[in-house]
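A quick write-up on the structure given underneath.
Numbering (my numbering), first residue to last: 226 to 717.
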């Protein structure tokens with residue numbers, strides 16, 4: 226498997242980070258597991274970036290633009306090309322079964338066959354100027370909001386909406402011309418003028434004979450989706466026409482990712498601008514006070530658990546793991562955490578090093594919570610159902626850059642599951658920003674991943690996998706304290 230190409234400068238490194246997210250998302254759709262997805266994405270990313278650099282070198286100083294797709298759709302095309310190469314190299318068992326059927330059908334041939342037979346959206350996007358094509362793709366398929374588009378492309382935020390409307394019109398004109406250039410029979414050509422007029426109208430009314438024709442003719446239906454700018458069908462037309470197999474699923478993933486970014490906001494680690502020394506110093510002082518307060522609380526708790534004078538007077542001594550009143554407490558032999566941290570805005574400090582119970586007791590520590598200053602009201606730990614762990618977890622750091630990283634989690638379960646929930650904790654304040662093949666919530670250091678609709682069921686001795694992107698600062702220690710549906714998992 227080839228290594229990822231090295232960025233030539235800081236600007237290209239930022240583009241690598243943004244493009245890698247898209248490439249891995251599509252590669253995950255194309256493969257049968259997270260490991261295969263990473264390998265496919267890496268190979269395709271290297272192939273695509275070589276093509277980008279070769280095209281830019283070929284036209285440097287010539288004064289004409291490279292005739293190619295924008296960077297992200299070009300890299301997604303490289304994923305499809307690499308998947309086809311895997312199929313030829315007898316590596317097809319690592320691909321999604323439906324993709325393998327598609328690769329061996331006439332549908333795949335359309336993307337590599339005669340240019341005039343290729344999808345209209347693909348031809349229309351290639352015909353646009355590079356900046357216009359990138360603006361259209363990022364807005365319609367990647368679902369970037371207009372302010373983010375303006376920052377990324379260096380446009381005026383006050384006029385980016387008008388520029389996008391003009392680019393949509395240019396794409397429609399290119400698609401109309403490509404539709405007329407496509408070899409078609411007499412019936413399709415007779416409907417071409419009517420199709421152009423109907424798709425320009427905002428009424429949404431389509432004559433019955435044209436509607437029946439569109440239901441039967443794939444080429445005219447593709448043209449209609451590219452020509453009709455109103456109604457919200459343009460993103461699907463672009464994703465399906467340019468990417469091919471899995472285009473609509475990729476579009477849905479990017480929409481969900483955009484919603485997560487808008488809902489959660491930009492992580493503090495990714496904020497632009499130099500660090501604020503005063504704010505950093507205040508943060509260090511505040512964290513030091515928190516550490517001291519929590520250590521005092523833990524010391525008080527440990528003292529309260531020590532036997533009193535009544536033990537020497539013949540009173541019954543409490544058993545291990547209980548107070549004099551018979552209430553369960555934390556294992557006194559457990560080590561006290563060396564440091565704690567608090568996420569901004571949280572009311573309580575979170576433990577960064579949780580003490581694990583002795584393996585001989587079989588007790589679980591599936592949901593670590595901060596220790597208080599009083600032993601009253603301590604909840605009973607959840608009893609263990611089995612002394613033998615029922616799940617194993619593999620945590621893989623796939624890629625890492627100065628302020629972010631990508632990781633994959635694979636959990637193997639000995640029991641059949643109708644639904645699943647995986648939790649873990651971070652030691653160094655890492656924040657999850659995006660997750661695929663699972664939903665997620667994060668509270669302080671603790672992250673909870675929940676099953677998607679399509680992967681809730683897991684057979685006995687089967688496995689579940691998902692991946693995520695996250696931010697980090699200073700250190701990036703591996704995640705720990707993994708549980709599956711409340712049961713502790715061992716690392717494989």
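For each residue, glycine too, the CB sits at the ideal point set by N, CA and C.
Query - Residues near residue 665 by beta carbon distance below 8 Å, same chain, minus five either side - result: Within the chain shown, numbered from 1, the residue matching residue 665 stands at position 440. So the qualifying residues of the chain are 657, 672, 673, 674, 675 and 693.
Query raised in the report: Measuring CA to CA, which of 267, 697 and 640 is closest to residue 623?
Result: For the purposes of this step, residue 623 is identified with residue 398 of the chain shown, where counting begins at 1. Checking every option, the nearest Cα to that of residue 623 belongs to 267.
Report task. Kindly indicate which three-state DSSP category residue 645 falls into: helix, strand or coil? Result -> Looking up residue 645 in the chain shown gives position 420. Coil.
Query raised in the report: Anyone know if the C-beta pair for residue 300 and residue 333 falls short of 8 Å?
Result: On the chain shown, residue 300 is found 75 positions in, with the first residue counted as 1. On the chain shown, residue 333 is found 108 positions in, with the first residue counted as 1. Result no, Cβ atoms of residue 300 and residue 333 do not sit closer than 8 Å.
Query raised in the report: Contact check, residue 249 vs residue 261 under 8 Å by CB: the rounded distance?
Result: The count along the chain shown starts at 1 and reaches residue 249 at position 24. The count along the chain shown starts at 1 and reaches residue 261 at position 36. The pair is not a contact, with the Cβ atoms about 12 Å apart (cut-off 8 Å).
Query raised in the report: Quick one: what's residue 624 bridged to in DSSP?
Result: As a first step, residue 624 must be located in the chain shown, where it is residue number 399. In the DSSP output, where bridge partners are listed per residue, residue 624 has 631.
Query - Cα-Cα separation, residue 475 to residue 662 - result: As a position in the chain shown, residue 475 is number 250, starting the count at 1. As a position in the chain shown, residue 662 is number 437, starting the count at 1. Answer to the nearest angstrom: the Cα atoms are 12 Å apart.
Requested in this report: Hey, could you find the ends of the beta strand (DSSP E) residue 691 is sitting in?
Outcome: For this step, residue 691 is matched to residue 466 along the chain shown. Where residue 691 is concerned, the enclosing beta strand (DSSP E) stretches over 687-696.
Query - Cutoff 8 Å; reference residue 498; Cβ partners in own chain excluding five residues on either side - result: In the chain shown, counting from the first residue as 1, residue 498 sits at position 273. Residue placement at residue 498 is poorly supported in this model, since its pLDDT is 35, which falls under 50; the coordinates still yield a value, given next. Taken in chain order, the list of residues that qualify is empty.
Query raised in the report: Leaving out the 5 sequence neighbours to the left and right, which residues in its chain are closer than 6 Å to residue 641 when beta-carbon positions are compared?
Result: Mapped onto the chain shown, residue 641 falls at position 416. Taken in chain order, the residues that qualify are 684 and 685.
Query - CA-to-CA distance, residue 365 to residue 384, given in whole angstroms - result: Here residue 384 corresponds to residue number 159 of the chain shown, with the count starting at 1. Here residue 365 corresponds to residue number 140 of the chain shown, with the count starting at 1. One C-alpha to the other measures close to 17 Å.
Query raised in the report: How do the stretch 442-462 and the stretch 338-355 stand: do at least 3 beta-carbon pairs fall below 8 Å, yes or no?
Result: yes
Report task. Taking residue 648 as the reference, give the member of 618, 336 and 480 with the closest Cα. Result -> Walking along the chain shown from the start, residue 648 turns up at place 423. Answer by Cα proximity: 618.
Report task. Tell me, please, whether the stretch 250-259 touches the stretch 465-473 by the rule of three or more beta-carbon pairs shorter than 8 Å. Result -> yes
Query raised in the report: So what does DSSP say about residue 668, is it helix, strand or coil?
Result: Within the chain shown, residue 668 is the residue found at index 443, counting from 1. Note: residue 668 maps to strand in three-state DSSP.
Report task. Alpha carbon to alpha carbon, how far is residue 414 from residue 435? Give it in angstroms, no decimals. Result -> On the chain shown, residue 435 is found 210 positions in, with the first residue counted as 1. On the chain shown, residue 414 is found 189 positions in, with the first residue counted as 1. So the alpha carbons of these two residues sit roughly 12 Å apart.
**Report entry** Closest Cα partner of residue 459 within the set 431, 440 and 363
**Finding:** On the chain shown, residue 459 is found 234 positions in, with the first residue counted as 1. Minimum Cα distance to residue 459 is reached at 363.
**Report entry** Close Cβ partners of residue 324 (< 6 Å) along its chain, the five nearest in sequence each way excluded
**Finding:** On the chain shown, position 99 is the one that residue 324 refers to. 255 and 470, listed in sequence order.
Report task. Give me the Cα-Cα distance between residue 311 and residue 328, rounded to the nearest whole angstrom. Result -> Reading the chain shown from its first residue, position 86 is the one you call residue 311. Reading the chain shown from its first residue, position 103 is the one you call residue 328. Spanning the two alpha carbons is a distance of roughly 11 Å.
Query raised in the report: Hey, is the stretch 365-380 in contact with the stretch 405-425, meaning 3+ C-beta pairs nearer than 8 Å?
Result: no
Query raised in the report: Given that a residue counts as buried once 16 or more other Cβ atoms are within 10 Å of its Cβ, and exposed if not, what is residue 342?
Result: As a working note, residue 342 is residue 117 in the chain shown. When all chains shown are included, residue 342 counts as exposed.
Query raised in the report: Per DSSP, what kind of secondary structure is residue 337 in: helix, strand or coil?
Result: Numbered from its first residue, the chain shown carries residue 337 at position 112. In this structure, residue 337 counts as coil in the three-state DSSP scheme.
Query raised in the report: Is DSSP giving residue 507 helix, strand or coil here?
Result: Sequence index remark: in the chain shown, residue 507 carries index 282 (1-based). Here residue 507 scores only 43 on pLDDT, less than 50, and its place in the model is too uncertain to base an answer on.
Report task. Would you mind reading off the limits of the beta strand (DSSP E) that contains residue 396? Result -> Residue mapping note: residue 396 aligns to position 171 of the chain shown, counting from 1. Not the beta strand (DSSP E): residue 396 falls in the alpha helix (DSSP H), residues 385-406.
Requested in this report: Drop a sphere of 10 angstroms on the beta-carbon of residue 381, count the other beta-carbons inside from all chains shown, and report buried for 16 or more, exposed for fewer.
Outcome: In the chain shown, the residue the question calls residue 381 occupies position 156. When all chains shown are included, residue 381 counts as exposed.
Query raised in the report: Hey, would you say residue 308 sits closer than 8 Å to residue 272, going by beta carbons?
Result: As a first step, residue 308 is located in the chain shown; it is residue number 83 there, counting from the start. As a first step, residue 272 is located in the chain shown; it is residue number 47 there, counting from the start. Taking 8 Å as the Cβ cut-off, residue 308 and residue 272 do not qualify as a contacting pair.
Report task. Return the chain-ordered list of same chain residues with a C-beta closer than 8 Å to the C-beta of residue 716, the five sequence neighbours on each side being excluded. Result -> The residue given as residue 716 occupies position 491 in the chain shown. Result list for residue 716: 617, 618, 619, 620 and 707, in chain order.
Requested in this report: Count the other CB atoms, across all protein chains shown, that sit within 10 Å of the CB of residue 403; report buried if there are 16 or more and exposed otherwise.
Outcome: As a working mapping, residue 403 is identified with position 178 in the chain shown. Residue 403 is buried by the Cβ-count criterion.
Report task. Using alpha carbons as the reference points, say which of 629, 710 and 668 lies closest to residue 242. Result -> Locating residue 242 in the chain shown gives position 17, where the first residue counts as 1. The option with the nearest alpha carbon to residue 242 is 629.
Query raised in the report: Going by alpha carbons, who is nearest to residue 481 out of 679, 439 and 660?
Result: For the purposes of this step, residue 481 is taken as the residue at position 256 of the chain shown. Among 679, 439 and 660, the Cα nearest to that of residue 481 belongs to 660.
Query raised in the report: Is residue 676 helix, strand or coil when you go by DSSP?
Result: Working through the chain shown from its first residue, we reach residue 676 at position 451. Strand, per DSSP.
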